[in-house]
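J.: Numbering (the numbering used here), first residue to last: 7 to 502. Glycine included, each C-beta is placed from N, C-alpha and C at the ideal position.
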């Protein structure tokens with residue numbers, strides 16, 4: 007019995023020693039299986055096992071450290087660049103069109119008065135002024151009852167020098183003076199025209215600066231004026247006053263605007279003198295048409311061209327020679343005849359009101375007769391050509407072969423185009439082709455308006471950056487016969 011208890015004590019000591027060693031060792035990843043022969047009744051005892059060599063301690067993996075947060079600092083301002091845009095404003099008789107050119111990226115873009123629309127309608131602003139109570143409404147083509155509505159503020163301005171262009175009955179506007187409702191006060195139409203231009207400048211400037219918010223936008227404005235290169239009636243100075251005062255007031259002219267601005271604009275126009283560093287220029291509409299031709303995608307052919315620009319109120323005829331050492335005007339002229347007179351004369355022939363005649367003319371249904379204004383434009387075309395002969399600007403027969411372009415809303419009248427095409431000019435002048443102006447290759451969305459580019463050509467020409475300092479006809483010597491040999495590249499003749 008004594009031996010039995012001593013054996014039990016030995017076993018107990020061995021078991022307690024093994025259990026202590028297991029506590030000191032790290033736990034094994036896989037427990038050692040116990041065989042069925044080692045099972046004992048009662049509390050299960052683990053077999054005595056040899057101590058296993060302890061596994062090498064694993065290297066401690068450091069926890070991912072969050073990078074220290076930088077203290078918030080002020081954001082560095084973006085570097086601003088200067089972006090120069092040339093804005094061409096074609097202040098037309100029936101509508102005003104604007105095209106701008108980005109000199110930084112060398113492309114043209116139409117200014118859309120109605121960005122929600124596509125096509126021609128989106129780029130035409132009616133050249134109308136409406137006096138509605140104590141407010142002035144610009145570009146409104148749908149007057150209300152009781153409004154004093156001027157359907158063409160440009161014609162009202164021109165009426166001061168040439169009353170024959172007037173379309174009014176004289177009760178509201180007469181000889182360039184506008185009768186305000188409810189008063190005996192008459193306001194010069196040029197003052198209302200000035201505020202209309204201020205509205206145009208304000209809208210265009212605001213939109214362009216929103217388009218380039220990170221740039222310092224520099225705007226250069228070119229406004230078309232119905233005058234020839236000689237400015238025989240001194241119309242340029244009056245247009246400079248209108249544009250200059252419009253620039254000063256553009257930030258304060260909303261739509262509608264207060265009629266109280268009429269007095270201030272009138273006072274400013276009396277004392278205004280354009281400064282030498284002004285950012286706007288007045289250019290002849292005939293020159294704008296020539297620049298539109300130079301911007302069009304065409305071959306650098308050196309020859310004579312004629313452009314007849316028939317607007318709603320005026321017609322400009324320009325003959326010019328493209329190429330040579332002095333690309334220049336040969337002759338030009340401006341007359342107060344256009345689509346508006348067509349409508350009045352057609353109304354007399356058809357015995358209807360002017361608006362009905364205009365609508366029938368635009369629909370093109372039936373035979374449109376050759377009204378007196380068509381003959382007047384044909385005679386202007388002929389007389390402008392005779393100026394070249396009188397001054398002997400062209401002497402070689404080859405230089406007298408020319409291509410003809412007819413542009414403008416009034417130029418769409420088929421009877422007028424046929425009359426100009428059939429016209430036999432004097433002095434061996436021969437029309438080779440009648441062509442259509444094409445928009446510049448860099449005009450964005452050109453496909454939307456390509457079919458109507460004849461209405462937008464002047465605005466595009468006014469936005470041109472071509473360095474074409476034209477020579478007035480009196481400074482152009484007789485051109486020699488064209489040389490035989492290589493023709494010079496267009497970029498050499500007209501650098502940008």
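1. In terms of DSSP beta bridges, what is residue 4 paired with?
2. Grab me the residues of residue 101's own chain with a C-beta within less than 7 angstroms of its C-beta, minus the 5 sequence neighbours each way, in chain order.
3. Could you tell me if residue 446 is buried or exposed, where buried requires 16 or more neighbouring beta carbons within 10 angstroms of its beta carbon?
4. Going by CA-CA distance only, name the one from 426, 391, 430 and 296 that's closest to residue 443.
5. Quick one, are the C-beta atoms of residue 4 and residue 283 less than 8 angstroms apart?
6. Is the beta carbon of residue 171 less than 8 angstroms from the beta carbon of residue 268?
7. Judging by CA-CA distance, which residue of 316, 321, 220 and 252 is the nearest neighbour of residue 95?
8. For residue 423, which option in 439, 432 and 342 has the closest C-alpha, if you only look at C-alpha atoms?
9. I believe residue 310 touches residue 327 by the beta-carbon criterion, under 8 angstroms. Please report the beta-carbon distance rounded to the nearest angstrom.
10. Take residue 390 as the anchor and find which of 195, 337 and 428 has the nearest alpha-carbon.
11. Are at least three pairs of beta-carbons, each pair with one atom in the segment 147–164 and one in the segment 310–325, less than 8 angstroms apart?
12. From residue 118 to residue 315, what distance separates their C-alpha atoms?
13. With distances taken Cα to Cα, identify the nearest neighbour of residue 401 among 335, 143 and 435.
14. DSSP on residue 103, reduced to helix/strand/coil?
15. Going by DSSP, which residues form a beta bridge with residue 94?
16. Look up residue 288 in the DSSP assignment and give the residues it is bridged to.
17. Span of the beta strand (DSSP E) holding residue 119?
18. Going straight from the alpha carbon of residue 454 to that of residue 98, what length do you get?
19. Residues in the same chain with beta-carbon distance under 6 angstroms from residue 292, minus the five sequence neighbours each way, listed in chain order, please.
20. Check for me: the alpha helix (DSSP H) holding residue 165 runs from which residue to which?
21. Along the chain, where does the beta strand (DSSP E) containing residue 194 start, and where does it finish?
22. Can you look up residue 220 in the DSSP assignment and give me helix, strand or coil?
23. Report yes or no: do the segment 209–225 and the segment 272–280 share at least 3 C-beta pairs separated by less than 8 angstroms?
24. Quick one: residues in its chain with C-beta nearer than 6 angstroms to the C-beta of residue 52, no 5 flanking neighbours on either side, listed in chain order?
25. Going by the DSSP bridge assignment, what does residue 136 pair with across the sheet?
26. Taking one C-beta from the segment 355–363 and one from the segment 378–397 each time, how about it: are there three or more such pairs within less than 8 angstroms?
27. Apply the 10 Å Cβ neighbour rule to residue 208 and answer buried if 16 or more other Cβ atoms are within range, or exposed otherwise.
28. Is residue 126 helix, strand or coil when you go by DSSP?
29. Thinking residue 6 and residue 419 are a contact (beta carbons under 8 angstroms), I'd like their distance in whole angstroms, please.
30. Which of the three DSSP states, helix, strand or coil, is assigned to residue 440?
31. Would you mind giving the Cβ-Cβ distance between residue 505 and residue 153, rounded to the nearest angstrom? I have them listed as a contact below 8 angstroms.
32. For residue 183, does the three-state DSSP call read helix, strand or coil?
33. State yes or no: is the C-beta of residue 123 within less than 8 angstroms of the C-beta of residue 107?
34. Which class does residue 406 belong to by DSSP, given the choice of helix, strand or coil?
35. Excluding the 5 residues flanking residue 169 on each side, which residues of the same chain have their C-beta closer than 6 angstroms to its C-beta?
36. Taking only the alpha-carbon atoms, compute the straight-line gap between residue 300 and residue 255 and give it to the nearest angstrom.
T.: Quick look at the numbers:
1. Here the chain comprises residues numbered 7 to 502, so residue 4 is not present and cannot be evaluated.
2. Here residue 101 refers to the residue found at position 95 when the chain shown is read from its first residue. Answer for residue 101: 130, 131, 132 and 133, listed in chain order.
3. Within the chain shown, the letter at position 440 stands for residue 446. So residue 446 ends up on the buried side.
4. Numbered from 1 along the chain shown, position 437 holds the residue referred to as residue 443. Considering only 426, 391, 430 and 296, the residue with the shortest C-alpha distance to residue 443 is 296.
5. Limits of the chain in this structure are 7 at one end and 502 at the other, which puts residue 4 out of reach.
6. Counting from one through the chain shown, the residue named residue 171 turns up at place 165. Counting from one through the chain shown, the residue named residue 268 turns up at place 262. No, the Cβ-Cβ distance between residue 171 and residue 268 is not below 8 angstroms.
7. Looking up residue 95 in the chain shown gives position 89. Checked all of 316, 321, 220 and 252; the closest Cα to residue 95 is 252.
8. One-based indexing of the chain shown puts residue 423 at position 417. Comparing C-alpha distances from residue 423 to each of 439, 432 and 342 shows the shortest one belongs to 439.
9. Reading the chain shown from its first residue, position 304 is the one you call residue 310. Reading the chain shown from its first residue, position 321 is the one you call residue 327. Here residue 310 really is in contact with residue 327; their C-beta atoms are around 5 angstroms apart, less than 8 angstroms.
10. In the chain shown, counting from the first residue as 1, residue 390 sits at position 384. Ranking the options by Cα distance to residue 390, first place goes to 337.
11. Touching, yes, given that three or more Cβ pairs across the two stretches are closer than 8 angstroms.
12. If you number the chain shown from 1, residue 118 lands on position 112. If you number the chain shown from 1, residue 315 lands on position 309. Between residue 118 and residue 315, the C-alpha separation is close to 23 angstroms.
13. Numbered from its first residue, the chain shown carries residue 401 at position 395. Of the candidates 335, 143 and 435, the one whose C-alpha sits nearest the C-alpha of residue 401 is 435.
14. One-based indexing of the chain shown puts residue 103 at position 97. Reduced to three states, the DSSP call for residue 103 is strand.
15. Taking the chain shown and counting its residues from 1, one reaches residue 94 at position 88. Residue 94 is bridged to 105 and 228.
16. The residue labelled residue 288 in the question sits at position 282 within the chain shown. Partner(s): 229.
17. Taking the chain shown and counting its residues from 1, one reaches residue 119 at position 113. Element bounds for residue 119: n/a, residue is neither H nor E.
18. Position 448 of the chain shown, counted from the start, is the residue given in the question as residue 454. Position 92 of the chain shown, counted from the start, is the residue given in the question as residue 98. So the two alpha carbons sit approximately 21 angstroms from each other.
19. On the chain shown, position 286 is the one that residue 292 refers to. Same-chain partners within the cutoff: 322, 324 and 338.
20. Position 159 of the chain shown, counting from 1, holds the residue named residue 165. No alpha helix (DSSP H) holds residue 165; DSSP gives it neither H nor E.
21. Counting from 1 along the chain shown, the entry for residue 194 is found at position 188. Its beta strand (DSSP E) spans residues 192–194.
22. Translated into positions along the chain shown, residue 220 becomes position 214. Of the three classes helix, strand and coil, the one that applies to residue 220 here is coil, per DSSP.
23. The segment 209–225 vs the segment 272–280: no contact.
24. Indexing the chain shown from 1 puts residue 52 at position 46. For residue 52, the predicted model reports a pLDDT of 49, less than 50, meaning its position is unreliable; a value from the coordinates is still stated below. If you ignore the 5 residues before and after residue 52, its C-beta comes within less than 6 angstroms of no other C-beta in its own chain.
25. Within the chain shown, residue 136 is the residue found at index 130, counting from 1. Residue 136 pairs with 143 and 155.
26. Because the criterion of three Cβ pairs below 8 angstroms is not met, the segment 355–363 and the segment 378–397 do not touch.
27. Here residue 208 is taken as the residue at index 202 of the chain shown, counted from 1. Sixteen is the threshold: when 16 or more other Cβ atoms of the shown chains lie within 10 Å of the Cβ of residue 208, as they do, the residue is buried.
28. In the chain shown, residue 126 corresponds to position 120, counting from 1. Residue state, collapsed to three classes: helix.
29. This structure does not reach residue 6, given that the chain is present from 7 up to 502, and the question cannot be answered.
30. Taking the first residue of the chain shown as position 1, residue 440 is located at position 434. Strand.
31. Residue 505 falls outside the range modelled here, since the chain spans only 7 to 502, and no answer is possible.
32. For the purposes of this step, residue 183 is identified with residue 177 of the chain shown, where counting begins at 1. The answer is strand: DSSP assigns residue 183 an E or B state.
33. Along the chain shown, read from residue 1 onward, the residue named residue 123 stands at position 117. Along the chain shown, read from residue 1 onward, the residue named residue 107 stands at position 101. No, they are not a contact pair.
34. Here residue 406 refers to the residue found at position 400 when the chain shown is read from its first residue. The answer is helix: DSSP assigns residue 406 an H, G or I state.
35. Position 163 of the chain shown holds residue 169. Non-local beta-carbon contacts of residue 169 in its own chain, meaning distances under 6 angstroms to residues more than five positions away in sequence, involve 181 in chain order.
36. Taking the chain shown and counting its residues from 1, one reaches residue 300 at position 294. Taking the chain shown and counting its residues from 1, one reaches residue 255 at position 249. C-alpha of residue 300 to C-alpha of residue 255: approximately 34 angstroms in a straight line.
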